[in-house]
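First up is the structure itself, then whatever we jot down about it.
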């Protein structure tokens, strides 16, 4: 008779905590489903290159395409020829393009890509977070050699 009461107490204990744990799991699942727990929302916008050039600012716009502003830390004057952007999921790309601009050593210059396209671009909403790769083409004025450098981008689509 006492064994039956002990097992009943144990079952009530497990059921009470079981339901509480189930409710907590459902709440966490709902928050994750609606994107509240998405870590990319909490990361700051960033843009960086692998060598010599520093990304000063950038803009990804529904109307103006992709624009990047760089500081020339190479030591020689350079001519920015083209910039392109490819999102990491492959749904957005901004074509290589732009008007060539000379940037003196230590100065800041900008270049704009051609139009942005892709399956994700047509349905992209303002504020959507985009992670991607930037390819910047430039020519060193001293050597005359052309270079392509790769950078990374994490930004939001702006109006």
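In my numbering, the protein residues as written are 13 to 171.
Ideal placement from N, C-alpha and C gives every residue a C-beta, glycine not left out.
This one's a predicted model, so the numbers in the text were calculated from it and none came from an experiment.
Going by DSSP, residue 156 is part of no alpha helix (DSSP H) at all; its letter is neither H nor E.
In this structure, residue 160 sits away from residue 153, with a CB-CB distance that is not shorter than 8 Å. In this structure, the straight-line span from the alpha carbon of residue 81 to that of residue 39 is close to 43 Å.
Residue 144 and residue 131 have their C-alpha atoms some 15 Å from each other. The residue from 114, 76, 165, 47 with its alpha-carbon nearest to that of residue 93 is 114.
Taking residue 171 as the centre and dropping the five residues before and after it, the same chain places the C-beta of 73, 74, 75, 138 closer than 8 Å to its C-beta, in chain order.
Between the beta-carbon of residue 83 and that of residue 65 there is about 7 Å, and that keeps the pair under the 8 Å contact cut. With 16 or more other Cβ atoms inside 10 Å of its own Cβ, residue 96 counts as buried.
Shown here, residue 118 sits in coil according to DSSP, grouped into three states, outside any helix or strand.
The beta carbons of residue 49 and residue 43 sit closer together than 8 Å.
For residue 83, there is no enclosing alpha helix (DSSP H); the enclosing beta strand (DSSP E) covers residues 77–84.
Per DSSP, residue 132 is one residue of the alpha helix (DSSP H) stretching across 131–134.
Here residue 77 is near residue 106, since their CB atoms are less than 8 Å apart.
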